[in-house]
Amino acid sequence: MSEILFDEIPSLDLADFTSGDAERKAQFVKKLGEAYQNIGFIALRNHGLSDELTDKLYKATKEFFALPDEVKQKYENPELAGQRGYVGKGKEKAKGFNTGDLKEFYHVGQELSDIPDSDPIKKEYPENIFPEEVPGFKETTLEAYRKLEAAGKQVLRAIAIHLGLEEDYFDEKVKYGNSILRPIHYFPIEDPDSVPADAVRAAEHGDINLITLLMGASADGLQVLRRDGQWIPITALPEQVVVNVGDMLARLTNNKLKSTIHRVVNPPRELMHTSRYSIPFFMHPRSEMDLTCLESCIDERNPKAYPDATAGEYLNERLVELGLLKKA
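Throughout the sequence shown, residue numbering follows the UniProt record's numbering, covering 1 to 328 in sequence.
Here you go:
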């Protein structure tokens with residue numbers, strides 16, 4: 001496949017993949033493969049999230065982050081290493097950075113009541129934490145979680161076909177996976193001189209997981225690093241979600257699929273006093289998934305780049321790097 005330098009991320013329609021039309025499905029897989037082997041990002045429409053649900057989710061998100069810090073901190077449990085509930089301002093830093101990002105966020109994971117007692121994975125997850133001050137937060141976040149998870153499973157099916165695997169290769173690996181919905185608030189900075197000079201909303205990083213589905217943000221700022229070293233802005237239309245490759249998928253495919261570095265830059269100084277909201281869904285597999293590089297992705301020109309690891313082992317390693325988990 002020839003190398004392509006995209007000026008903007010390709011836009012795809014998930015309805016092409018799920019239409020039942022073999023030609024439309026094959027075209028979707030081809031375009032997805034080209035995008036993920038070159039820039040690692042697409043914009044996706046017909047993903048199953050309604051405008052109404054999106055609006056409700058952003059409303060609940062804004063209501064929660066508007067609460068006083070001492071109220072929000074009731075929902076922060078350091079023992080959970082940020083797995084569930086609130087994570088306070090500046091607590092997370094990107095790999096290789098010492099300064100915390102200018103953000104606060106909330107984590108919603110698998111709802112335990114959805115997982116059968118017979119599945120051992122149920123014991124690995126903590127209970128979700130929901131703020132009682134925001135009616136509808138629980139219902140809305142869980143509905144969005146399920147919709148984005150369903151869309152993510154379809155994208156992974158297309159990825160499997162592109163890689164020459166069985167279409168259902170990922171199905172059992174992500175069933176009740178350790179996925180996270182993360183409403184983020186990039187909080188206002190009234191005095192830009194009061195924060196460290198190198199502090200940004202989200203320093204450059206790659207995502208840990210298999211794929212990320214990102215709902216359209218409330219403001220500009222997201223940029224992706226193209227392979228020629230140029231940062232290009234990513235703007236999803238209101239009816240799209242941005243779907244990008246994470247590091248776990250890059251590992252599995254021995255970097256055939258690109259987990260591209262991205263960042264959220266600060267707005268112009270005169271707009272630092274404004275908020276930005278963003279809601280990514282980090283699609284994780286079950287902890288026991290083997291991330292050993294696929295044999296089909298290893299050859300003389302592309303020798304095996306990563307040691308063998310399970311998804312759980314790799315996640316823990318990365319949480320330590322992010323400052324959310326203390327080293328054992």
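We put the CB at the ideal spot given by N, CA and C, even for glycine. This one's a predicted model, so the numbers in the text were calculated from it and none came from an experiment.
A check of alpha carbon separations from A250 across D308, V242, S194 identifies D308 as the nearest.
When DSSP states are grouped into helix, strand and coil, H107 belongs to the strand group.
Taking C-beta atoms under 8 Å as the contact rule, R201 and D101 qualify, at a distance of about 6 Å. Where H162 is concerned, the enclosing alpha helix (DSSP H) starts and stops at 137 to 162. Per DSSP, Q27 lies in no beta strand (DSSP E); the unbroken alpha helix (DSSP H) holding it starts and ends at 22 to 38.
Rounded to whole angstroms, T61 and L32 show a C-alpha spacing of 31 Å. By the Cβ-count criterion, A236 is buried, with 16 or more other Cβ atoms from all chains shown falling within 10 Å of its own Cβ.
Taken atom to atom, the span from the alpha-carbon of N77 to that of K91 is near 13 Å. Around D21, the same chain offers no residue with a beta carbon nearer than 8 Å, after the five sequence neighbours per side are excluded. The Cβ atoms of Q240 and R45 lie closer than 8 Å to each other. By the 16-neighbour rule on beta-carbons within 10 angstroms, K326 is exposed. From the listed residues Y125, Y75, N98, Y58, the smallest Cα separation to S287 is found for Y125. The three-state secondary structure of L213, taken from DSSP, is strand. A311 is a Cβ neighbour of M248, given a cutoff of 8 Å.
Per DSSP, reduced to three states, the secondary structure at Q230 is coil, with no helix or strand assignment.
In the structure shown, G312 adopts helical secondary structure according to DSSP, grouped into three states. Here Y314 is near L291, since their CB atoms are less than 8 Å apart. Per DSSP, the unbroken alpha helix (DSSP H) holding A15 starts and ends at 14 to 18.
C-alpha of L322 to C-alpha of N98: approximately 10 Å in a straight line.
By the criterion of a C-beta distance shorter than 8 Å, P116 is surrounded in its chain by K122, once the five residues flanking it on both sides are discounted. Buried is the label assigned to I129, since at least 16 other Cβ atoms lie within 10 Å of its Cβ. The residues Q73, E76, E104, in chain order, have a CB closer than 7 Å to that of G88 in the same chain once the five nearest residues on each side in sequence are set aside. Annotation for F281: the continuous beta strand (DSSP E) segment containing it runs 276 to 283.
Taking a 10 Å sphere around the C-beta of Q230, we find fewer than 16 other C-beta atoms and assign the residue as exposed. Per the C-alpha coordinates, the member of S278, I9, G152, E270 positioned closest to V264 is S278. Around the CB of I159, 16 or more other CB atoms lie within 10 Å, so the residue is classed as buried.
Proximity of the region 295 to 304 to the region 187 to 200 falls short of the contact definition, fewer than three beta-carbon pairs being nearer than 8 Å.
Apart from sequence neighbours up to five positions away, the residues of its chain that approach V71 with a beta-carbon distance below 7 Å are E133, ordered along the chain. Rounded to whole angstroms, N255 and G48 show a C-alpha spacing of 29 Å. Around the beta carbon of L156, 16 or more other beta carbons lie within 10 angstroms, which makes this residue buried.
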